[in-house]
Amino acid sequence: MDLYEITGQDRYLRQALRIHKVLLENWMWVTGGISEGNTCSDEHNDEYCGVSEWIRLNLVLAQVTGEARYLDIAEHIWRNHHGFDQDSGGGFVSCRSFVSKLENKGVVCWFCCSMKGTKAMADVCQHIFTTHDKGIRWNLLCDSSARMTIGSREVRLVQKTGSNPAAQGSLKINVSAPTRFTLEVRIPAWASSASIQVNGKAIKASSSSGYMPITRRWAKGDTVSLQFGCRLRVIPSDETPFDRPADAPIDLQSLQHAAIMYGPYVLMIDSWANEDLTWEDLVVQLPVDWEKPVKPARADKTLAGAFAIPAARIEVTAANKAGYYPPGWDGEKKPGSKAKGSRRLVLRPVSEITNHPVKRHGLYQVRNHWMPWTPES
Amino acid sequence: MSKNKTASKTGARSIAQVDGTIEGVMEDLEGLQNRGKGRTKAQLRPGWLTGVPLKLSPVADKQPAPYRCLTMSQITPRGELARRIDLNIEHVLKNRKGVLSYIGWGAGEPALLLWSGAPFARSHPKMRKLLQDAVQVLRDSPNPDPDGQSLFFDDFDKINIDGHDWEGNSGSLLGLMAWYRYTGDDSVTDLMAELVNHFDKKFPVEKIGPKTICAEDFCGIVPPDRESPVSATSPAVDGSAKAFGTEKNQGDAMGTNPPTYHGNDGFGGFV
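One line per chain: the protein sequences are A and B, in this order.
First residue of the first sequence? That's 1 in our numbering, and the numbers climb one at a time after it.
First residue of the second sequence? That's 378 in our numbering, and the numbers climb one at a time after it.
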């Protein structure tokens, strides 16, 4: 990509796009991560080095092409697998596995991956906002402050996020003198709706290519408020999270395996909150009404502040083949098993689960049992 | 090998202002080297990458991309991301002795530290100090080539072309570029020029291919128009697991990295 930027030769961009396509379609897990060796798509071990470059490639492609879909992917990786790979001690890991049975927590590669994490987070920071000839792009919801020059004016921005940092935010704009420019607000693909207000007044603007442009004469203290709609989404195992619109219908009955997302967050089963379940026999009854909004998460006191993502703590109905069946369950029941009714199953964002700073066996580890949601339906 | 040399701050153009072509880069490197260092133009061997562009000028206000990203001096992360960064940097600082002394990939670790940490050089004084130490490690590389020209491990011929020597050296160049880019510290340009010489001698483009200078850009993946001259372990660009050999990748000379089935230059390569 650097070569493309310098030379302007399309062949370098085409090459990067080919690589990107291969990685996205064949190698990327639902969490946004990629395998350690890229030898096959079902390899379970990861390596943060590759993840960091995968974030970077998407950020640079977004920068060069201006296409928001690359930021959708970058955000997806950042909010999921990036956090998943950051150890509670701050380093980043290699060989962290998705297979619960292996209990593979990975190795903190202080000599390599940990520093890749440093760079990746700098890359994310540098793309929260981007500038162009006509103004500013607001790409990522992330608490931050920034300064830049538009025309001859210095513009200072202060961004604050709400209880769901991916879906709620405000941007305060300070300019030395009223200045006309365009603020392009990115509408992520995962958002089921978008509400934008300027100084408390809803605005009507048409989104184009993933961005909603707001052109006006900006004055000191102007504030833009954002609210994106989050909903539960089912991602079939043979699709990426970007293959269909967030509000596209899906035939749940046809699913064999799937992942579940809440907004941009990939959810995983919280094994500690569901200790008595036998994961091998887990059967999940998907909620009937997927349109029903999910209440915001309540604070979890067991999480360290550094990693608490007050996003989704979703409770759905689950059953264990060995004994639990939700009401109305018409699936196969093992002979002799005793139905005891439904129970609530607690899910959390993958990055939140992984970074639970639990000290066990003298080491800070990820939880022993966790897995992507793969319901049999 | 040069040590602690400081380039003159007057005279030649800044590397950050070159036009991005190899000719421009070489012109600047020549200018920098010829300033009071007793180097000759011939030593620079300007033919080492003829026709292959090299990026040295990705400063924010010079970016050719239509959408310019910010520098770290323009953006201040807060909230969760800031906490994650702080925790990560704390972790890196905690392991500084290991990073600076562990040179399993040639001089890769100090170089990677430079490359990754440079954006934070201004905002984190302790990180800046650590990065300065990393520069010093590169200057004082413990295993110079007997001819005094190359800086780092010279096990190129001992293992294979996929060896870590290449990664360490290319990573070092990228790390020094990043350090220069973010700090403007032109005392490292002499070291960069020496690396150019080293590359010319040990890693000719005819043998290595564009991976020599754009490891980061290609992420270790072989360009589609090349039958891999680089690695028997690199995946083909079409995604097929092409020739993931086990025979040629014998690990590095120090034994710090045991042989792996995929090598270290896949997409997860660190440079």
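Glycine included, each C-beta is placed from N, C-alpha and C at the ideal position.
Bear in mind that the values here come from a model prediction, so they are computed numbers and not experimental data.
Backbone CA spacing between residue i and residue j [nearest angstrom]
i, j, result
"ARG137 of chain A", "ASP46 of chain A", "32 Å"
"ALA488 of chain B", "LEU508 of chain B", "9 Å"
"PHE111 of chain A", "ILE196 of chain A", "44 Å"
"ARG56 of chain A", "ALA167 of chain A", "22 Å"
"MET1 of chain A", "PRO443 of chain B", "14 Å"
"TYR12 of chain A", "TYR4 of chain A", "5 Å"
"TYR70 of chain A", "LEU61 of chain A", "6 Å"
"ASN139 of chain A", "ALA68 of chain A", "8 Å"
"TYR265 of chain A", "LEU491 of chain B", "32 Å"
"ALA177 of chain A", "LEU477 of chain B", "48 Å"
"LYS17 of chain A", "ASP10 of chain A", "Residue identity check: residue 17 of chain A is Leu in the sequence provided, not Lys. Roughly 10 Å between the two C-alpha positions."
"ALA248 of chain A", "VAL93 of chain A", "35 Å"
"LEU226 of chain A", "PRO165 of chain A", "11 Å"
"ARG153 of chain A", "LEU458 of chain B", "28 Å"
"GLY8 of chain A", "VAL185 of chain A", "27 Å"
"LEU553 of chain B", "ARG460 of chain B", "27 Å"
Rounded distance between the beta-carbons of residue j and residue i, thought under 8 Å
i, j, result
"VAL108 of chain A", "ASP87 of chain A", "5 Å"
"PRO241 of chain A", "MET261 of chain A", "6 Å"
"GLY169 of chain A", "THR161 of chain A", "5 Å"
"ALA189 of chain A", "ALA120 of chain A", "Not really, about 21 Å apart at Cβ, beyond 8 Å."
"ALA205 of chain A", "MET212 of chain A", "5 Å"
Interface partners of residue i on chain B, CB under 9 Å
i, result
"VAL124 of chain A", "PRO454, LEU458"
"HIS76 of chain A", "Result: empty, since nearest Cβ-Cβ is about 16 Å, beyond 9 Å."
"CYS230 of chain A", "In chain order: nothing, as chain B lies at least about 17 Å away."
"ALA68 of chain A", "Going along chain B, no residue has its Cβ under 9 Å from ALA68 of chain A, so there is no contact; the nearest lies around 11 Å."
"GLY89 of chain A", "LEU464, GLU467, HIS468, LYS471"
"ARG137 of chain A", "TYR444"
Where residue i meets chain B, residues with beta-carbon distance less than 7 Å
i, result
"HIS20 of chain A", "Neighbours of HIS20 of chain A on chain B: none; closest Cβ ~11 Å, over 7 Å."
"HIS127 of chain A", "CYS446"
"ASP156 of chain A", "Asp is not the amino acid found at residue 156 of chain A; the sequence shown has Arg there. Correct list: empty, because the minimum Cβ distance to chain B is about 10 Å."
"GLN168 of chain A", "Chain B residues near GLN168 of chain A: none, gap ~12 Å exceeds 7 Å."
Contact under 9 Å by Cβ, residue i with residue j
i, j, result
"ASP143 of chain A", "ARG455 of chain B", "yes"
"CYS113 of chain A", "TYR48 of chain A", "yes"
"GLY91 of chain A", "HIS468 of chain B", "yes"
"ILE187 of chain A", "VAL224 of chain A", "no"
"THR130 of chain A", "ARG516 of chain B", "no"
"THR448 of chain B", "PRO496 of chain B", "yes"
"ARG378 of chain A", "ARG217 of chain A", "For chain A, the structure presents residues 1 to 377; residue 378 of chain A sits outside this window and is missing."
"ASP123 of chain A", "LEU59 of chain A", "yes"
"HIS81 of chain A", "TRP29 of chain A", "yes"
"HIS501 of chain B", "ILE466 of chain B", "yes"
"SER52 of chain A", "GLY117 of chain A", "yes"
"HIS127 of chain A", "ALA74 of chain A", "yes"
"ALA194 of chain A", "PHE228 of chain A", "yes"
"ARG499 of chain B", "TYR559 of chain B", "yes"
"ILE214 of chain A", "VAL234 of chain A", "no"
Under 9 Å by beta carbon: chain A residues contacting residue i
i, result
"GLU486 of chain B", "PHE111, CYS112, MET115"
"GLN451 of chain B", "GLN126, PHE129, ALA146, ARG147, MET148"
Beta bridge counterpart(s) of residue i as assigned by DSSP
i, result
"MET1 of chain A", "DSSP lists no partner for MET1 of chain A."
"PRO454 of chain B", "A:SER144"
"CYS446 of chain B", "A:THR130"
"TYR557 of chain B", "Per DSSP, none; premise fails for TYR557 of chain B."
"THR566 of chain B", "BP columns for THR566 of chain B are empty, so no partner."
"ARG137 of chain A", "A:THR130, A:GLU184"
"MET28 of chain A", "A:ILE34"
"TRP218 of chain A", "A:THR179"
"LEU17 of chain A", "None; LEU17 of chain A has no bridge partner."
"TYR262 of chain A", "A:LEU232, A:TYR265"
"GLU47 of chain A", "A:SER94"
"LYS160 of chain A", "A:SER170"
"PRO227 of chain A", "In the sequence as presented, Pro is not what sits at residue 227 of chain A; that position holds Gln. Answer is A:GLN168, A:SER195, bridged to GLN227 of chain A."
"LYS204 of chain A", "Per DSSP, none; premise fails for LYS204 of chain A."
"PRO213 of chain A", "A:GLU184"
"ILE150 of chain A", "A:ARG153"
"GLN86 of chain A", "A:PHE92"
"PRO349 of chain A", "A:LEU267"
Under 8 Å from the C-beta of residue i: neighbouring residues of chain B
i, result
"PRO165 of chain A", "GLY456, GLU457"
"HIS81 of chain A", "Within 8 Å Cβ-Cβ: nothing; HIS81 of chain A doesn't reach chain B, min ~13 Å."
Contacts that residue i makes with chain A (C-beta to C-beta distance below 7 Å)
i, result
"TRP492 of chain B", "LYS119"
"GLY345 of chain B", "Given a span of 378 to 648 for chain B in the structure shown, any question on residue 345 of chain B remains unanswerable."
"VAL565 of chain B", "None at all; the shortest Cβ gap to chain A is about 18 Å."
"ARG505 of chain B", "In chain order: nothing, as chain A lies at least about 13 Å away."
"PRO496 of chain B", "ALA122"
Check: residue i C-beta below 8 Å from any heavy atom of the ligand NAP
i, result
"GLN159 of chain A", "Inclusion of the ligand NAP in the displayed structure is not the case, the ligand content being empty and no account of it being possible."
Partner residues on chain A for residue i, Cβ-Cβ distance less than 8 Å
i, result
"ARG558 of chain B", "Here the premise fails: no neighbours, minimum Cβ distance about 12 Å."
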